[in-house]
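**Student:** Handing you a structure now.
In the working numbering, the protein residues as written are 3 to 528.
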């Protein structure tokens, strides 16, 4: 990029750490909104006289709009001006949150959630590109620790906070809580953030709009998000609409990949993936996102559906892990300059694999402490992944590529989260059926343990006043409940085993990164 040497000495006027906190506050507000609404859906459906299935469109609409904007947010920043676009997104997201909170019908909420997703999609990528340009490469590891805390902590605290707000106040405050945060973030960004010279120069050189690229991305990402979010409820490809969305997603994504590779001025530059470190970092963040989001959903789901936990208590199972993250990430960011970054990443995936293998030992009578330890062990591995991976992924990219790279990086993480959650839910249903089929083979009159257990339960029921004629039927019902619970728990252990294997398989890939430390020798501008 011409002028790179001239701009090499640019520094922001404000304190870089204040800038990092300001932009991360805005991104945190958006990330937490992807999960905070989940536990409020039954309350939203009830107050709007709608079915639960209809209410889930408040989630789908947000994810669709968010997913479409993510890859093209860097282009919006170049066309409008990065700071201006970032502030527009904060303001519009805050206003949309307020409108969701005062909505009087479900269609209104869905429309306002679309607006939330559309403007929220510009926050995370531009947050990352602002931090990349604000900090010297030698300081990026510590700067990304702020980003990582928000990225990991927000999805974890979302369900707990949403459940507490809904139980103690109203589901409307799940949205209205964004208003003061958004105002603070808007004022802080306006006062602290500025566009560096190369961003201003890039904006001045922009001409024309890549309509084809935008259309293909919208088609591919939008249909993919709908398919992933609605697939489990609609029996996946057995439903014609899901098949249609799958075909359209494939057409859009393949078409976008081809077009963006050959277009002269693409809406997002896929050529950044030619950089080995960034390409590997994208693969890694895809795996991290899939495991992080799926596990953050699986454990509370297990606690609620099989162990009878309330939504708030199920969310609290994740809290010790979140606290561990807050403690570990600053330490890891300080160690980065002294250890090869790829060693951290390899160790992180190995630790994550061991933690998931530990969770494979799940039993139907597991207690709160054990569940919290399982989640804590998982977050221990994740703590070694986010900051090192983000640091090395951008380490060899020129500054001019930061906007496109940040858009793609966040897109890979979020799509991976959607895929991970959808696959985990589908696999839990399928493996529960398989496990139930195998276990039920032992529940026949030819199996003495079954006959003995049924007789003992029936005798106990009779002793407590149940009619003798009804006791065998009630005993069978109780045995069936136990069977279903054991089958479901075994299904969860199967999922943990598969994710453990996946984590172990990624470990060797970490050594394909450049053998560098976070010492900050950037590639020359070009």
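Just so you know, even glycine gets a beta-carbon here, dropped at the ideal spot from N, CA and C.
With a Cβ-Cβ cutoff of 8 Å, do residue 399 and residue 277 count as a contact?
**Tutor:** Yes, the pair counts as a contact, with Cβ atoms nearer than the cut-off.
**Student:** Report the rounded CA-to-CA distance for residue 346 versus residue 249, giving the unit in angstroms.
**Tutor:** For residue 346 and residue 249, the distance between alpha carbons rounds to 39 Å.
**Student:** Cβ of residue 446 within 8 Å of Cβ of residue 452?
**Tutor:** It is a contact, given that the beta carbons lie within the stated cut-off.
**Student:** For the region 444 to 513, list the alpha helix (DSSP H) runs that are entirely contained and at least 4 residues long, ordered along the chain.
**Tutor:** Correct list: 450 to 465 and 473 to 508.
**Student:** Output the distance between the C-alpha atoms of residue 148 and residue 328, rounded to the nearest integer angstrom.
**Tutor:** Approximately 10 Å, taken between the alpha carbons.
**Student:** Beta-carbon within less than 7 Å of residue 477's beta-carbon, same chain only, minus the 5 sequence neighbours each way: which residues are those?
**Tutor:** Hits under 7 Å: 456, 459, 460 and 463.
**Student:** Under a Cβ-count criterion, where at least 16 other Cβ atoms within 10 Å of its own Cβ denotes burial, should residue 430 be classed as buried or exposed?
**Tutor:** By the 10 Å Cβ count, residue 430 comes out buried.
**Student:** What is the DSSP secondary structure of residue 171, counted as helix, strand or coil?
**Tutor:** Correct three-state label for residue 171: coil.
**Student:** Compute the Euclidean distance between the alpha carbons of residue 140 and residue 219, then round it to the nearest angstrom.
**Tutor:** So the alpha carbons of these two residues sit roughly 34 Å apart.
**Student:** State the DSSP-derived secondary structure class of residue 196, mapped to helix, strand or coil.
**Tutor:** Three-state DSSP puts residue 196 in coil, outside helix and strand.
**Student:** To the nearest angstrom, report how far apart residue 472 and residue 481 are at their CA atoms.
**Tutor:** Approximately 15 Å between the Cα atoms of the pair.
**Student:** Kindly confirm or deny that the region 101 to 116 and the region 390 to 406 touch, where touching means at least three C-beta pairs closer than 8 Å.
**Tutor:** No: fewer than three Cβ pairs fall under 8 Å.
**Student:** Comparing C-alpha positions only, which one of 170, 425, 174 and 39 sits nearest to residue 101?
**Tutor:** Residue 101 has its Cα closest to that of 174, out of 170, 425, 174 and 39.
**Student:** Would you report the Cα separation of residue 14 and residue 196, rounded to the nearest angstrom?
**Tutor:** Computed Cα separation, rounded: 7 Å.
**Student:** Can you list, in chain order, the stretches of the alpha helix (DSSP H) that have 4 or more residues and sit fully within the region 346 to 434?
**Tutor:** Segments of the alpha helix (DSSP H) lying fully in the region 346 to 434: 370 to 385 and 388 to 395.
**Student:** In angstroms with no decimal places, state the Cα-to-Cα distance between residue 236 and residue 123.
**Tutor:** Roughly 26 Å separates the two Cα atoms.
**Student:** Apart from the five residues just before and just after residue 90, which ones in its own chain have a Cβ nearer than 6 Å to its Cβ?
**Tutor:** Excluding positions up to five away in sequence, the list is empty.
**Student:** Between the alpha carbons of residue 161 and residue 60, how many angstroms are there, rounded?
**Tutor:** When rounded, the distance between both Cα atoms is 15 Å.
**Student:** Straight-line CA distance for residue 294 to residue 81?
**Tutor:** If I take the Cα positions, the gap works out to 33 Å.
**Student:** Residue 128 by DSSP, collapsed to three states: which one?
**Tutor:** Helix, per DSSP.
**Student:** Return the Cβ separation of residue 348 and residue 509 in integer angstroms, given the expectation that the two are a contact with Cβ distance under 8 Å.
**Tutor:** That pair is a contact at about 5 Å.
**Student:** Could you round the C-beta distance between residue 187 and residue 315 to whole angstroms and report it? I think they count as a contact, below 8 Å.
**Tutor:** Their Cβ separation, rounded to whole angstroms, is 31 Å, which puts residue 187 and residue 315 out of contact at 8 Å.
**Student:** Helix, strand or coil: how does DSSP classify residue 26 here?
**Tutor:** Three-state DSSP puts residue 26 in a helix.
**Student:** Using only the alpha-carbon positions, how far apart do residue 333 and residue 243 sit?
**Tutor:** Roughly 48 Å separates the two Cα atoms.
**Student:** Just to confirm, are residue 254 and residue 215 a CB contact at a threshold of 8 Å?
**Tutor:** Not in contact: residue 254 and residue 215 (Cβ atoms no closer than 8 Å).
**Student:** Taking the CB atoms as reference points, tell me whether residue 505 and residue 331 lie closer together than 8 Å.
**Tutor:** Their beta carbons are not under 8 Å apart, which means residue 505 does not touch residue 331 by this criterion.
**Student:** Kindly indicate which three-state DSSP category residue 85 falls into: helix, strand or coil?
**Tutor:** Helix.
**Student:** Would DSSP call residue 137 helix, strand or coil?
**Tutor:** Residue 137 falls in the coil class under three-state DSSP.
**Student:** Whole angstroms are fine: how far does the CA of residue 356 sit from the CA of residue 392?
**Tutor:** So the two alpha carbons sit approximately 23 Å from each other.
**Student:** On the premise that residue 335 lies in contact with residue 144, defined as a C-beta separation below 8 Å, what is that separation, rounded to the nearest angstrom?
**Tutor:** That pair is a contact at about 5 Å.
**Student:** Taking all protein chains shown into account, decide if residue 530 is buried (16 or more other Cβ within 10 angstroms of its Cβ) or exposed.
**Tutor:** Residue 530 is absent from the model: the chain starts at 3 and stops at 528.
**Student:** Could you tell me which whole alpha helix (DSSP H) segments of length 4 or greater appear in the region 32 to 102?
**Tutor:** For the region 32 to 102, whole alpha helix (DSSP H) runs of length 4 or above, ordered along the chain, are 43 to 49, 54 to 57, 59 to 71 and 75 to 82.
**Student:** Whether or not the region 358 to 375 and the region 124 to 136 are in contact is what I'm after, with contact meaning three or more pairs of Cβ atoms, one per stretch, closer than 8 Å; do they touch?
**Tutor:** No, because fewer than three Cβ pairs between the region 124 to 136 and the region 358 to 375 fall closer than 8 Å, the two stretches do not touch.
**Student:** What is the DSSP secondary structure of residue 320, counted as helix, strand or coil?
**Tutor:** Residue 320 falls in the coil class under three-state DSSP.
**Student:** Residue 244 by DSSP, collapsed to three states: which one?
**Tutor:** Residue state, collapsed to three classes: helix.
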